[in-house]
Ligand SMILES: *[C@@H]1O[C@H](CO)[C@@H](O)[C@H](O)[C@H]1NC(C)=O
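Numbering (my numbering), first residue to last: 4 to 402.
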């Protein structure tokens, strides 16, 4: 609490031009706590360190006087420029009879994940760096690559997370990605409820039927004709340039719950297609009554995994199974996951064809009806741990 009181800041609140500045330990709020008459900015001073001057400099000034006066002139100027133009600065080492240089940065010191912090400040004897203080963001509380956004007026802030959720990005949640798609059907429509819902539309052409099932305790999608669910990927940064080398530089993951309604005895049908041509892109291809083959066709290569339903789920056509495919850009390979099993992929050559929307549906006869639920997409490679997290998040059906 005490810390919070001292940590008050204030920058150009209501256009008040701050005449003074102070450091964390001696900042005082002026006026009543609710009013906006605060006119001090609170800075944290870091001795013997220099902020990387590669960041955009707003202004450079020469300051003289005692060291204390120089620091004061430098931070005062920062306060006067205001929060949009100045959030940190460097003061060069003190020399008698010569002024010091003060560089003021537009740069917000908190706007990076903690991994970058060692690169932001360089040990430099005699230099003084300072930054606007925020109680929430000081100390880089956001975990797992999350970035802190300070709100200087209230001295609060929040973490922006990618692939994690929670106040401090502490919970593994791959669907928490600004390009993630999540089709739950829980609201009885084919709409995308993922946080990338604006990026990945659901095409009107989807003609699957949303129905309630007891097993999933929520509405699911029943597919029986072509284009059961069409995902319009026109604006998907990752999949738009899927070929060479698959566009998705951080990888890509598709997943969904599947419940085939009965076995086929041969032939083929597709559960999932990306591409205008049959079997181009990602296709699920049931070939026998004991397994489902998953094809991922990119440019001129077919990657295939055989999901051994007969081995893991003898009654597979009566059960729900979580299926995922993920592209690992580092090792340049696809992986298939069936529940918690990683399935080997084999590759062969195919003729290339063009990209198109992702279509969930079947291209065969209607003896291949199936149910789907919680179709997810996000532009990241998934470790087995991430796949488990997505499985857990979508396991109950209603989520
Ligand atoms: C410095 O800050 C002011 C106030 O926000 C801004 O208008 C100006 O564009 C900034 N200048 C530079 C060079 O960043």
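All C-beta atoms, glycine included, are put in the ideal place defined by N, C-alpha and C.
Computed from a predicted model, the values in this text were never measured in an experiment.
For the beta strand (DSSP E) containing residue i, name the first residue and the last one.
i: residue 65; result: 60-66
i: residue 434; result: Nothing can be reported for residue 434, as the shown portion of the chain is limited to 4 through 402.
i: residue 108; result: 103-108
i: residue 327; result: 324-331
i: residue 257; result: 255-263
i: residue 376; result: 373-381
i: residue 192; result: No beta strand (DSSP E) contains residue 192, which DSSP labels as neither H nor E.
i: residue 157; result: No beta strand (DSSP E) contains residue 157, which DSSP labels as neither H nor E.
i: residue 92; result: 91-94
i: residue 336; result: 336-341
i: residue 226; result: 221-226
i: residue 346; result: 344-346
i: residue 141; result: Note, residue 141: premise wrong, no beta strand (DSSP E); not H, not E.
i: residue 3; result: Outside the modelled stretch of the chain, which goes from 4 to 402, sits residue 3, for which no answer is possible.
i: residue 215; result: 212-216
i: residue 233; result: 232-235
Are residue i and residue j closer than 7 Å when you measure CB to CB?
i: residue 262; j: residue 337; result: no
i: residue 160; j: residue 151; result: yes
i: residue 254; j: residue 332; result: yes
i: residue 339; j: residue 297; result: yes
i: residue 260; j: residue 106; result: no
i: residue 155; j: residue 86; result: yes
i: residue 190; j: residue 401; result: no
i: residue 121; j: residue 140; result: no
i: residue 264; j: residue 373; result: yes
i: residue 389; j: residue 177; result: yes
i: residue 294; j: residue 312; result: yes
i: residue 61; j: residue 128; result: no
i: residue 66; j: residue 77; result: yes
i: residue 392; j: residue 175; result: yes
i: residue 211; j: residue 224; result: yes
i: residue 382; j: residue 182; result: yes
i: residue 112; j: residue 143; result: no
i: residue 256; j: residue 165; result: no
i: residue 206; j: residue 136; result: no
i: residue 380; j: residue 184; result: yes
i: residue 54; j: residue 124; result: yes
i: residue 325; j: residue 394; result: yes
i: residue 162; j: residue 148; result: no
Would the C-beta of residue i count as close to ligand 1, meaning under 6 Å from any of its heavy atoms?
i: residue 93; result: no
i: residue 82; result: no
i: residue 85; result: yes
i: residue 63; result: no
i: residue 104; result: no
i: residue 397; result: no
i: residue 109; result: yes
Residue i: beta carbon under 6 Å from a heavy atom of ligand 3?
i: residue 88; result: Ligand 3 is not among the ligands present in this structure, which contains only ligand 1.
If I follow the unbroken alpha helix (DSSP H) through residue i, where does it start and stop?
i: residue 122; result: 120-123
i: residue 391; result: 387-397
i: residue 183; result: That residue, residue 183, is in no alpha helix (DSSP H); it is neither H nor E in DSSP.
i: residue 312; result: 312-315
I want to see whether chain B comes within less than 7 Å of residue i, judged by CB atoms only; does it?
i: residue 159; result: In summary, chain B is missing from the structure at hand, where a single protein chain is found.
- Query: Is there contact between the stretch 186-206 and the stretch 341-348, where contact requires at least three CB pairs shorter than 8 Å?
  - Reply: no
- Task: Check whether the stretch 80-99 touches the stretch 126-135, counting contact only when three or more Cβ pairs, one atom from each stretch, lie closer than 8 Å.
- Result: yes
- Item | Inter-stretch contact (C-beta, 8 Å, three-pair minimum) for the stretch 64-71 and the stretch 45-53 | no
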